[in-house]
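See below for the structure under consideration.
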Amino acid sequence: MTEITATLSTYVATLRYDDMPREVPERAKHLMIDLVGSIVRAGRESDSTPSILRMIERLGLGAPGEARVFGQDRRYGPATAALLNGVLGHSLDFDDTHADSSLHPSAPVVPAALAAAEMTGASGQELLCAIVAGFEVCCRLGNALDPTSHYARGFHPTATAGTFGAAAAAGKLLGLDAAGLASAFGVAASQAAGSLQFLVNGGWNKRYQVGAAAMNGLIAATLAREGFLGAADAIEGKHGFLHGYTDNARPEMAVAGLGSIYETMKIGIKPYPSCRYTHATIDGLIALRKEHGWSADDISGVTIGLHRNGIVLTGAPLAEKQRPRSVVDGQFSMPFTAAVALHQGHFGWDDYALLGDAGIEAIAARIDVRQDDRLEGQRHPFGAHIAVHAGDGVHTLMIPDPSGEPDSFPPVERMEEKFMTLARPVLGNKASALYASLAAVEGLSDMRGLPD
740 MTEITATLST YVATLRYDDM PREVPERAKH LMIDLVGSIV RAGRESDSTP
790 SILRMIERLG LGAPGEARVF GQDRRYGPAT AALLNGVLGH SLDFDDTHAD
840 SSLHPSAPVV PAALAAAEMT GASGQELLCA IVAGFEVCCR LGNALDPTSH
890 YARGFHPTAT AGTFGAAAAA GKLLGLDAAG LASAFGVAAS QAAGSLQFLV
940 NGGWNKRYQV GAAAMNGLIA ATLAREGFLG AADAIEGKHG FLHGYTDNAR
990 PEMAVAGLGS IYETMKIGIK PYPSCRYTHA TIDGLIALRK EHGWSADDIS
1040 GVTIGLHRNG IVLTGAPLAE KQRPRSVVDG QFSMPFTAAV ALHQGHFGWD
1090 DYALLGDAGI EAIAARIDVR QDDRLEGQRH PFGAHIAVHA GDGVHTLMIP
1140 DPSGEPDSFP PVERMEEKFM TLARPVLGNK ASALYASLAA VEGLSDMRGL
1190 PD
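If you read the sequence shown in my numbering, its first letter stands for residue 740, the second for the next number, and so on.
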């Protein structure tokens, strides 16, 4: 393998805000704002938040500090803030996605960057530059792992590759040189962890392990900043990341086009708070329902074809997916999300109140989910083939990409609408002020001056 660790470390150390095309940090800013909306809402409404906060206090991790957790009325030490912002940012499963690597870049990267920026008094431009660096590292490593192989071994790439992205972003803001960043990656390799076992019972591991990735990346960078020596060749080495976490490593993907192709610009926004593999189907069913004027009673059955990754996450075992009992189960249920879309004509966070609803379950029982080999080898794995059996015949639709992907990235006003929908129920009138301050973040000389 090429010297991936050294190449990525040098890239992160030398990346400069003014050297990037302007749209790249601008995209990073909007992705950060999108994550903050989810953080705010999850702080009040996520079912796992109370236990996370009690754990923080029980272990003495809740001491007052200078790092903000959005939507909370107190501040924490940097590591705790990174953990909490990461957990909350991923709790609604409403955060951004990078299709090629099949991971959520912002949830591990942005919290680590924000905490490091508040530690150092970094400017808004320095923050955005660090976020881009983190995105580039975690997305490229996700590509190199080969998501299908990584999933097949039971790993969650947002948490595994995300740890490296968090270390890159934090290390950039802590002023690490290339050798220091390589050392931080060496520590990150020992902490990169994330299991798909949560799918068995709707466990809350998924959101926690992403927050842990943010915290561990910050810890790795801080250790390197204080002179700690991390393992060499952490990514490509004999026992490194690309050997231990996949059976089909594609190391060239980690550095392909580095510096000229920005994976940051390939990150999409989620319009629905569920697994990205459900989104193309939701888009299609809402469109068909509107076009034909159906009610759910008009539909005798639906067959949904997904990429094999989508089957692993949202379609099997089908009988269990048709009767989810928790929010996590619902987020990873193609039959549930499809049933809600058919019944309501939309799908949003508040629709999880329909879990266990007899009418929704009756619709879900008529929904079949199958692996569709026609979706293999496509540009992205998030497409869907739909066949709806209604009274007037069978209606088929192929959706190659869900809405919100880079080719259909939402305009600023739609991004603001999503943010306000999430944040206003928690913050009231303060939501507008928070949005405005984040939207102007590149003009801040010190991130510690960001208004609450």
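Glycine residues also receive a C-beta, built at the ideal position from the N, C-alpha and C atoms.
N-terminal and C-terminal residue of the beta strand (DSSP E) that residue i is part of
i, result
"P764", "Where P764 is concerned, there is no enclosing beta strand (DSSP E), although the alpha helix (DSSP H) it sits in stretches over 762 to 784."
"H1124", "1123 to 1129"
"I1138", "1132 to 1138"
Within 9 Å, strictly: CB atoms of residue i and residue j
i, j, result
"V1108", "P1074", "yes"
"A923", "A855", "no"
"F874", "I1006", "yes"
"S1171", "L1189", "no"
"A907", "A869", "yes"
"F1121", "G1049", "yes"
"S840", "N987", "no"
"Y1016", "L1052", "yes"
"A1103", "A1078", "yes"
Rounded straight-line distance, which links the Cα of residue j to that of residue i
i, j, result
"I1008", "L774", "10 Å"
"A682", "L1183", "Residue 682 is absent from the structure shown; the chain starts at 740 and stops at 1191."
"A932", "R1047", "23 Å"
"D786", "G983", "33 Å"
"A953", "I791", "15 Å"
"C877", "P844", "7 Å"
"Q948", "V826", "8 Å"
"M1137", "A970", "47 Å"
"L1173", "L770", "15 Å"
"S934", "G1130", "43 Å"
"Y750", "R1118", "26 Å"
Whole-angstrom C-beta distance between residue j and residue i, which should lie under 8 Å
i, j, result
"A818", "I958", "6 Å"
"T1020", "I1043", "5 Å"
"S830", "L1161", "Going by Cβ atoms, the distance from S830 to L1161 rounds to 12 Å, so no, they are not a contact pair."
"L981", "V926", "Actually they are not in contact, since the Cβ atoms of L981 and V926 sit about 17 Å apart, beyond 8 Å."
"F809", "V779", "5 Å"
"A806", "R814", "6 Å"
"A917", "S748", "4 Å"
"R964", "G919", "7 Å"
"H1085", "I1025", "7 Å"
"A973", "A883", "Not a contact, Cβ separation roughly 13 Å."
Residue i - partner residues in DSSP beta bridges
i, result
"L1045", "Q1110, A1123"
"T985", "Answer is none; T985 lacks a bridge partner."
"S934", "F894"
"P803", "Y815"
"I1000", "Looking at the DSSP assignment, I1000 forms no beta bridge with any residue, so it has no partner."
"L823", "Answer is none; L823 lacks a bridge partner."
"A1188", "A small correction: the amino acid at residue 1188 is Gly; Ala does not occupy that position in the sequence shown. Its beta-bridge partners do not exist; DSSP assigns none."
"G1040", "H1128"
"I1006", "H837"
"L842", "H837"
Residue range of the unbroken alpha helix (DSSP H) whose run includes residue i
i, result
"G881", "863 to 884"
"P896", "896 to 912"
"R813", "First-last for R813: undefined, no H or E at that position."
"R946", "944 to 964"
"S748", "743 to 753"
"D835", "Unbroken run through D835: none, as it is neither H nor E."
"T1020", "1018 to 1031"
"R1163", "1151 to 1166"
"E1100", "1097 to 1103"
"F1148", "First-last for F1148: undefined, no H or E at that position."
"S1072", "Careful: S1072 lies outside any alpha helix (DSSP H) and carries neither H nor E."
"P789", "788 to 797"
"L1057", "1057 to 1060"
"A1175", "1169 to 1178"
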